[in-house]
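To convert, take the position in the sequence shown, counting from 1, and add 78; that gives the numbering used here. Just so it is clear, CB atoms sit at the ideal spot from N, CA and C, and this is done for glycine as well. Heads up, the thing below is written out as structure tokens.
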Amino acid sequence: MLIHKFETQDKKYIYDAATNRILEVDEVIYELIEDYGSLSSEEMIAKYGSKYDSQLISKRFAEIESIRRKQGCFSLSGPDVGFLMTRPAAAQKLESTCSTMAIEVTEQCNLRCTYCVFSGGYLEGRAHSSRKMSFEIAKEAIDYLVEHSYQSGDDFLSLNFYGGEPLLNFQLIKKCVNYCESLKTKKPWLFGFTTNLTILNPEILKFCIKHGIAITVSLDGPRTVHDRCRVDSNGKGSFDKVMQNLEMIRHYDKEYFRTKILFNIVLSLPVNWLQINDFFTREQGLEGNPLSLSDVEEGNESYFSQFPEADFGYDGYDELRRKFYEMAIAGKLFSHATKTRMPRKGTTEEILSSATGALTFSQFTAPLLKMDRRPIFPGWPSHKIGHSGPCLPGDRKLFVDVRGRLYPCEKVPYNDLFCIGNVKTGMDTDKAYDLIQQFYELSAAECSQCWAFRLCGQCMVRASEKNRFSRAKKLARCGQEKAGLHQRLMLYCSILEKRPDALDDRGTVSFS
């Protein structure tokens with residue numbers, strides 16, 4: 079029986095994995111449920127009779143049986159873990175549903191950020207180089223996207239530019255945008271790039287404004303935070319140049335700044351959540367823009383070895399969560415919400431700028447909204463089912479490196495394990511299919527007995543090591559994943575106890 083018990087300050091709950099339901103229960107059911115399926119009603123009376131009245135035990139046992147019968151909860155079996163889609167069906171999907179492509183226009187970068195995955199400190203992946211993508215490869219990539227998007231359910235085609243520092247090959251970006259706009263596609267184009275923003279100039283900015291290109295700016299926080307890692311080859315910080323260019327954007331077009339500028343924060347050690355949140359919430363002109371967060375990638379010993387164990391904690395996180403809770407029960411999560419439409423993480427989303435502050439949306443509001451909208455099921459299906467973390471590699475989104483090789487996304491190591499084709503010969507749909515099958519098979523036995531199965535967000539990237547999948551590495555993350563979900567469940571129910579409509583966003587945000 080895959081359940082998880084948790085308590086708030088006032089109440090007790092059981093999360094049921096088979097149905098995805100959260101059940102509020104009393105103390106008796108909370109205790110009896112541990113033995114349901116292994117003990118009969120009479121045996122439970124014998125075990126718990128000294129603590130609870132026998133008639134109450136019998137009544138609660140009957141209620142458990144009724145909940146199981148009527149709602150499908152408390153299933154005594156687990157899921158049949160695997161990828162449901164057949165190989166031919168997956169191939170057909172992969173050949174027709176791509177709507178978003180990220181292309182690596184250069185491997186060059188003008189900074190030498192100490193935590194960068196391309197810094198040379200990682201065993202896997204490339205290092206910085208002088209390579210640039212040719213227009214021939216870029217054009218083939220764009221043509222591939224157009225030709226393989228005819229059954230996409232998205233209402234756009236999205237092209238995002240990555241590096242290195244993509245603005246070091248701005249001429250290619252211009253050619254790509256102009257080429258896309260010259261094509262007679264049925265769907266509109268969305269363009270974007272991720273940049274350190276240090277080499278932005280008026281020529282580039284005017285082009286971006288003219289074509290509505292979304293800019294994701296790498297900005298880790300205030301100067302003391304940003305400049306400890308985001309430095310040039312001489313160790314000089316980049317904060318002042320970034321802020322100078324942000325002001326240039328705002329000066330040229332305030333509406334463009336409001337609707338097309340995003341921020342990406344890398345949480346470099348030691349992390350001070352309140353310091354970062356205060357910066358993005360209170361810094362003039364930054365308080366309304368969407369942002370995303372990421373941790374420093376594992377595997378860089380030269381980076382992580384410089385910090386004592388105490389620096390690996392998240393200072394201020396509990397206080398940030400407390401502030402979020404107070405805002406939620408006061409009904410202020412969406413009191414000053416605005417909507418911003420732009421490409422992000424391979425999809426088009428309505429991204430919220432909330433009164434709760436920059437980091438709280440990413441860390442609390444968005445995850446709790448997704449939990450609030452989780453689907454409810456009648457029980458475990460009779461067919462195979464996979465947990466919700468991984469995607470089918472190449473479905474809807476592709477990443478193309480400077481050489482024209484295809485990968486599932488920009489976050490995977492650019493190695494043979496994850497390479498699923500190239501722009502000249504197309505996608506190797508068999509390999510893409512095998513990747514997700516192998517990922518599920520790594521831990522099928524453990525996943526089939528895990529209460530977090532339906533909520534698990536583990537991506538296959540986190541299970542790769544030295545150009546192969548690692549069962550040990552995947553399982554090592556399970557405790558962290560379940561601990562995070564436990565905290566999220568408690569926070570979610572604590573808020574709804576005090577204010578049932580706290581997460582009623584009135585359609586402010588949508589998730590794909």
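- Rounded to whole angstroms, Y93 and S260 show a C-alpha spacing of 52 Å.
- Take the alpha-carbon of D104 and the one of Q565: they are about 20 Å apart.
- Just so you know, the alpha carbons of I343 and C191 end up roughly 13 Å apart.
- Note that the region 466-473 touches the region 164-181; at least 3 beta-carbon pairs, one per stretch, sit closer than 8 Å.
- In summary, D582 is exposed, with fewer than 16 beta-carbon neighbours lying within 10 Å of its beta-carbon over all protein chains present.
- Here the region 490-497 makes no contact with the region 153-163; the two share fewer than three CB pairs at distances below 8 Å.
- By the criterion of at least three beta-carbon pairs nearer than 8 Å, the region 448-457 is in contact with the region 144-156.
- By the beta-carbon neighbour count (other beta carbons within 10 angstroms, threshold 16), P468 is buried.
- In the DSSP secondary-structure assignment, V478 is bridged to I181 and L484.
- Taking 9 Å as the cut-off, the Cβ atoms of R483 and F442 do not count as close.
- Collapsing the DSSP output to three states places T97 in coil.
- Contact annotation, V255 with H289: C-beta distance approximately 5 Å; criterion of less than 8 Å satisfied.
- Note on N238: 16 or more other CB atoms within 10 angstroms of its CB, so buried under the neighbour-count rule.
- In this structure the region 132-141 does not lie against the region 81-92, because fewer than three pairs of beta carbons, one per stretch, are closer than 8 Å.
- Within the same chain, G115, F152 and L154 come within 6 Å of M79 by CB-CB distance, once the 5 residues on both sides are set aside.
- Beta-bridge annotation (DSSP): K90 is paired with E85 and V103.
- Taking C-alpha positions only, K332 is separated from P300 by approximately 22 Å.
- According to the DSSP secondary-structure assignment, E543 is paired through a beta bridge with R546.
- If you draw a straight line from the Cα of R549 to the Cα of Q516, it is about 10 Å long.
- As DSSP reads the structure, K210 sits in a beta bridge with T184.
- Taking 4 residues as the shortest admissible run, the region 329-374 contains the following complete alpha helix (DSSP H) segments, listed from N- to C-terminal end: 332-338 and 351-360.
- In the three-state reduction of the DSSP assignment, Y193 falls in the coil class, being assigned neither a helical nor a strand state.
- Assignment of Y240 by DSSP, reduced to helix, strand and coil, places it in the strand class.
- For V295, the uninterrupted beta strand (DSSP E) segment begins and ends at A292 to S296.
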